[in-house]
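Asker: Using the working numbering, you'd call the opening residue of the sequence shown number 291 and step up by one each time.
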Amino acid sequence: MEVKGSYTLEASLLMPLIIGTIVILLFISFYLHDNAVIKEGAIILANKYTNEKNLSNSEIKQKLEQDCEQVILNKVLVTRSITTNIKVEKKKITVSCSGVFYFPSIFISQTIFNSNSLNIATTKSMNRVNPVTFIRYCKIVEGFIN
291 MEVKGSYTLE ASLLMPLIIG TIVILLFISF YLHDNAVIKE GAIILANKYT
341 NEKNLSNSEI KQKLEQDCEQ VILNKVLVTR SITTNIKVEK KKITVSCSGV
391 FYFPSIFISQ TIFNSNSLNI ATTKSMNRVN PVTFIRYCKI VEGFIN
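(1) I need the DSSP call for Thr340, collapsed to helix, strand or coil.
(2) Let me know the secondary structure DSSP gives Phe391 once reduced to three states.
(3) Once you ignore the five residues that flank Asp324 on each side, which residues in its own chain have a CB closer than 8 Å to its CB?
(4) What number of angstroms, rounded off, separates the C-alpha of Ser346 from the C-alpha of Asn417?
(5) What span of residues does the alpha helix (DSSP H) with Asn347 cover, start to end?
(6) Express the C-alpha separation of Ser405 and Ile376 in angstroms, rounding to a whole number.
(7) Under a three-way DSSP split, which group does Val378 fall into?
(8) If you reduce the DSSP assignment to three classes, tell me which class Val368 lands in.
(9) Could you tell me the distance, in whole angstroms, from the CA atom of Lys353 to the CA atom of Ile425?
(10) Note the first and the last residue of the continuous alpha helix (DSSP H) segment covering Ile435.
(11) Determine the DSSP secondary structure at Asn404, reduced to helix, strand or coil.
(12) Taking 8 Å as the cut-off, decide whether the C-beta atoms of Thr413 and Thr384 are in contact.
(13) Would you kindly check if the distance between the Cβ of Leu335 and the Cβ of Val313 is under 8 Å?
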(Lines of atoms letter the chains of each structure in order from A; the text may use other names.)
(Lines give C-alpha, C1' and ligand atoms only; values in the text may rest on other atoms or scores of the structure.)
Protein backbone atom coordinates (compact mmCIF):
# COMPACT_ATOMS: atom_id res chain seq x y z
CA MET A 291 0.00 0.00 0.00
CA GLU A 292 1.36 3.42 -0.98
CA VAL A 293 1.12 6.29 1.52
CA LYS A 294 0.68 9.81 0.18
CA GLY A 295 2.70 12.50 1.89
CA SER A 296 2.21 16.22 2.17
CA TYR A 297 4.75 18.47 0.48
CA THR A 298 3.57 21.39 2.59
CA LEU A 299 4.88 19.75 5.74
CA GLU A 300 8.24 19.03 4.15
CA ALA A 301 8.56 22.58 2.80
CA SER A 302 7.60 24.07 6.15
CA LEU A 303 10.46 22.15 7.76
CA LEU A 304 13.07 22.79 5.08
CA MET A 305 12.51 26.46 4.23
CA PRO A 306 13.50 27.86 7.66
CA LEU A 307 16.68 25.79 7.52
CA ILE A 308 17.50 26.95 4.00
CA ILE A 309 16.72 30.62 4.68
CA GLY A 310 18.60 30.52 8.00
CA THR A 311 21.64 29.02 6.29
CA ILE A 312 21.55 31.70 3.60
CA VAL A 313 21.33 34.48 6.22
CA ILE A 314 24.22 33.01 8.22
CA LEU A 315 26.36 32.67 5.08
CA LEU A 316 25.52 36.26 4.13
CA PHE A 317 26.69 37.64 7.48
CA ILE A 318 29.80 35.45 7.49
CA SER A 319 30.67 36.86 4.07
CA PHE A 320 30.13 40.41 5.40
CA TYR A 321 32.47 39.60 8.31
CA LEU A 322 35.14 38.18 6.01
CA HIS A 323 34.86 41.21 3.72
CA ASP A 324 35.24 43.71 6.56
CA ASN A 325 38.11 41.71 8.06
CA ALA A 326 39.95 41.72 4.72
CA VAL A 327 39.29 45.45 4.17
CA ILE A 328 40.65 46.40 7.61
CA LYS A 329 43.77 44.23 7.24
CA GLU A 330 44.44 45.40 3.69
CA GLY A 331 43.89 49.03 4.70
CA ALA A 332 46.38 48.71 7.56
CA ILE A 333 48.99 47.30 5.17
CA ILE A 334 48.35 50.06 2.60
CA LEU A 335 48.59 52.79 5.23
CA ALA A 336 51.75 51.34 6.77
CA ASN A 337 53.43 51.07 3.37
CA LYS A 338 52.32 54.41 1.93
CA TYR A 339 55.04 56.76 3.18
CA THR A 340 57.91 54.36 3.91
CA ASN A 341 60.15 56.04 1.31
CA GLU A 342 59.23 59.62 2.19
CA LYS A 343 62.18 61.71 3.39
CA ASN A 344 60.89 65.25 2.80
CA LEU A 345 58.04 65.16 5.33
CA SER A 346 58.35 65.15 9.11
CA ASN A 347 56.91 62.34 11.21
CA SER A 348 53.96 64.46 12.35
CA GLU A 349 53.12 65.41 8.75
CA ILE A 350 53.22 61.77 7.69
CA LYS A 351 50.96 60.82 10.61
CA GLN A 352 48.50 63.58 9.68
CA LYS A 353 48.41 62.45 6.03
CA LEU A 354 47.90 58.82 7.04
CA GLU A 355 45.00 59.78 9.32
CA GLN A 356 43.40 61.64 6.40
CA ASP A 357 43.94 58.67 4.08
CA CYS A 358 42.43 56.29 6.63
CA GLU A 359 38.91 57.41 5.79
CA GLN A 360 39.38 56.70 2.10
CA VAL A 361 41.23 53.41 2.56
CA ILE A 362 39.23 51.81 5.40
CA LEU A 363 36.20 53.72 6.64
CA ASN A 364 34.44 54.10 3.28
CA LYS A 365 34.86 50.43 2.36
CA VAL A 366 33.58 48.48 5.36
CA LEU A 367 30.00 47.21 5.28
CA VAL A 368 28.83 46.32 8.79
CA THR A 369 31.78 47.00 11.11
CA ARG A 370 31.38 50.01 13.39
CA SER A 371 33.48 51.76 16.05
CA ILE A 372 36.60 51.60 13.91
CA THR A 373 39.66 53.06 15.59
CA THR A 374 43.02 53.56 13.93
CA ASN A 375 46.23 54.23 15.84
CA ILE A 376 49.16 55.39 13.75
CA LYS A 377 52.69 55.53 15.14
CA VAL A 378 55.41 57.06 12.97
CA GLU A 379 58.99 56.61 14.11
CA LYS A 380 62.33 57.26 12.51
CA LYS A 381 62.76 53.67 11.29
CA LYS A 382 59.22 52.26 11.33
CA ILE A 383 55.57 53.08 10.63
CA THR A 384 53.03 51.08 12.67
CA VAL A 385 49.28 51.09 12.01
CA SER A 386 46.80 49.43 14.39
CA CYS A 387 43.16 49.14 13.34
CA SER A 388 40.27 47.65 15.27
CA GLY A 389 36.52 47.56 14.91
CA VAL A 390 33.43 45.74 16.13
CA PHE A 391 31.36 43.64 13.73
CA TYR A 392 27.73 43.44 14.90
CA PHE A 393 25.47 40.51 14.05
CA PRO A 394 21.71 40.97 14.10
CA SER A 395 20.30 39.95 17.46
CA ILE A 396 19.00 36.55 16.50
CA PHE A 397 19.16 33.39 18.54
CA ILE A 398 21.57 31.63 16.17
CA SER A 399 24.32 34.26 16.42
CA GLN A 400 24.11 34.25 20.21
CA THR A 401 24.40 30.48 20.42
CA ILE A 402 27.25 30.18 17.90
CA PHE A 403 29.36 33.19 18.90
CA ASN A 404 28.13 33.74 22.50
CA SER A 405 27.53 37.43 21.70
CA ASN A 406 26.13 39.72 19.05
CA SER A 407 29.53 41.06 18.02
CA LEU A 408 33.01 40.02 16.97
CA ASN A 409 36.13 42.15 17.29
CA ILE A 410 38.34 42.71 14.27
CA ALA A 411 41.85 43.90 15.12
CA THR A 412 45.14 44.05 13.27
CA THR A 413 48.55 45.66 13.64
CA LYS A 414 50.84 46.12 10.65
CA SER A 415 54.23 47.77 10.53
CA MET A 416 56.70 48.58 7.78
CA ASN A 417 60.32 49.61 8.04
CA ARG A 418 61.18 52.97 6.57
CA VAL A 419 63.92 52.64 3.98
CA ASN A 420 66.21 55.10 2.30
CA PRO A 421 65.46 54.73 -1.43
CA VAL A 422 69.04 55.44 -2.52
CA THR A 423 70.64 52.78 -0.33
CA PHE A 424 67.82 50.35 -1.11
CA ILE A 425 68.47 50.66 -4.85
CA ARG A 426 72.20 50.22 -4.26
CA TYR A 427 71.61 47.02 -2.30
CA CYS A 428 69.28 45.73 -5.02
CA LYS A 429 71.94 46.35 -7.67
CA ILE A 430 74.55 44.54 -5.55
CA VAL A 431 72.22 41.55 -5.22
CA GLU A 432 71.52 41.67 -8.97
CA GLY A 433 75.27 41.56 -9.58
CA PHE A 434 75.58 38.40 -7.49
CA ILE A 435 72.66 36.74 -9.24
CA ASN A 436 73.85 37.51 -12.77
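Ideal placement from N, C-alpha and C gives every residue a C-beta, glycine not left out. In this text, all values refer to a predicted model and were calculated from it rather than measured experimentally.
Answerer: Reading off the structure:
(1) Translated into positions along the sequence shown, residue 340 becomes position 50. Looking at Thr340 - three-state DSSP - the assignment turns out to be coil, as it is neither helix nor strand.
(2) For this step, residue 391 is matched to residue 101 along the sequence shown. Correct three-state label for Phe391: strand.
(3) Position 34 of the sequence shown, counted from the start, is the residue given in the question as residue 324. Only Val366, Leu367, Val368, Thr369, Gly389, Phe391, Ile410 meet the Cβ criterion.
(4) Position 56 of the sequence shown, counted from the start, is the residue given in the question as residue 346. Position 127 of the sequence shown, counted from the start, is the residue given in the question as residue 417. Approximately 16 Å, taken between the alpha carbons.
(5) For the purposes of this step, residue 347 is taken as the residue at position 57 of the sequence shown. 347–358 is the extent of the alpha helix (DSSP H) around Asn347.
(6) Within the sequence shown, numbered from 1, the residue matching residue 376 stands at position 86. Within the sequence shown, numbered from 1, the residue matching residue 405 stands at position 115. Distance between the alpha carbons of Ile376 and Ser405: 29 Å.
(7) The sequence position of residue 378 within the sequence shown is 88, counting from 1. The answer is strand: DSSP assigns Val378 an E or B state.
(8) By 1-based counting over the sequence shown, the position of residue 368 is 78. The answer is coil: DSSP assigns Val368 none of H, G, I, E or B.
(9) The residue labelled residue 353 in the question sits at position 63 within the sequence shown. The residue labelled residue 425 in the question sits at position 135 within the sequence shown. Cα to Cα, Lys353 sits roughly 26 Å from Ile425.
(10) Locating residue 435 in the sequence shown gives position 145, where the first residue counts as 1. Per DSSP, Ile435 belongs to the alpha helix (DSSP H) from 421–435.
(11) Sequence index remark: in the sequence shown, residue 404 carries index 114 (1-based). Coil, per DSSP.
(12) Here residue 413 refers to the residue found at position 123 of the sequence shown. Here residue 384 refers to the residue found at position 94 of the sequence shown. Yes. Within cutoff.
(13) On the sequence shown, position 23 is the one that residue 313 refers to. On the sequence shown, position 45 is the one that residue 335 refers to. Their beta carbons are not under 8 Å apart, which means Val313 does not touch Leu335 by this criterion.
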